[in-house]
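*Asks:* Structure incoming, see below.
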Amino acid sequence: MDATLVRMAHWKIDIKIVNGNDMHILQWRRHMSHDEVLLDGKVQQISRGMWGRETIYGLVFGRDEEGNGGTRVMFVVDPSQDMNNASYWLEGQAPPKGVRLETAEQILLAFGSLDERAYDQPADFAEWAKQKMGIKW
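Throughout, this note's numbering is defined as the position within the sequence shown, counted from one, plus 349.
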């Protein structure tokens, strides 16, 4: 199973998932009153409310007719606005800050604030200078 981020735009995320010979499109859409998770254009889950909507979703790929088996996937969205993104200030766009898609065995996709590398940011300027420039004092 492999996943690729296709689009991350204003209140939208599109992910291409390849599972063997099958290709699927996983979409997340934010509306004023609810969020939707769609798989191949069909609504899978809806999170309603004005505040505190669900951001962690569970999906199963490749299960049989009775609903048994398949690969379980956890889909996590950080819907807060990324104010460091230039499109936030120049175009009024509000792309989500991060997205993560993983199975029990591996991480398929990690981007933005939900990527492990985002946690390795230096705490202050002195740490940044040591890490990036090799300055020691």
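Even for Gly, the Cβ is constructed at its ideal location relative to N, Cα and C.
Since valine 425 sits in a beta bridge, which residues does DSSP pair it with?
*Replies:* Ile405 and Arg449
*Asks:* Below 8 Å on the Cβ atoms is my guess for methionine 357 versus valine 448; work out the distance and round it to an integer in Å.
*Replies:* Yes, methionine 357 and valine 448 are in contact; Cβ-Cβ is about 7 Å, under 8 Å.
*Asks:* With a CB to CB cut of under 7 Å and the five nearest residues on each side skipped, what residues in its chain are close to aspartate 363?
*Replies:* Val355, Arg356, Ile374 and Gln376
*Asks:* Reducing DSSP to helix, strand and coil, say where leucine 439 ends up.
*Replies:* helix
*Asks:* Counting pairs of beta carbons, one from the region 414-430 and one from the region 447-466, are three or more of them closer than 8 Å?
*Replies:* yes
*Asks:* Applying the 10 Å Cβ sphere with the 16-neighbour rule, what's the burial state of leucine 439?
*Replies:* Leucine 439 is exposed by the Cβ-count criterion.
*Asks:* Can the beta-carbon of asparagine 368 be found closer than 7 Å to that of phenylalanine 410?
*Replies:* yes
*Asks:* Buried or exposed: isoleucine 484, going by 16 or more other Cβ atoms within 10 Å of its Cβ?
*Replies:* exposed
*Asks:* Can you say whether valine 386 is buried or exposed, counting buried as having 16 or more other CB atoms within 10 angstroms of its CB?
*Replies:* buried
*Asks:* Looking only at its chain, what residues have a beta carbon closer than 7 Å to the beta carbon of proline 471, apart from the 5 residues adjacent to it on each side?
*Replies:* Closer than 7 Å at the Cβ level, and outside the excluded window around proline 471, lie Trp477 and Gln480.
*Asks:* Exposed or buried, isoleucine 405, counting other C-beta atoms within 10 Å across all chains shown (16 or more means buried)?
*Replies:* Taking every protein chain shown into account, the CB of isoleucine 405 has fewer than 16 other CB atoms within 10 angstroms, so this residue is exposed.
*Asks:* What are the residues that DSSP puts in a beta bridge with arginine 397?
*Replies:* His383
*Asks:* Would you kindly report the start and end of the unbroken beta strand (DSSP E) that includes alanine 472?
*Replies:* Per DSSP, alanine 472 belongs to no beta strand (DSSP E) and is neither H nor E.
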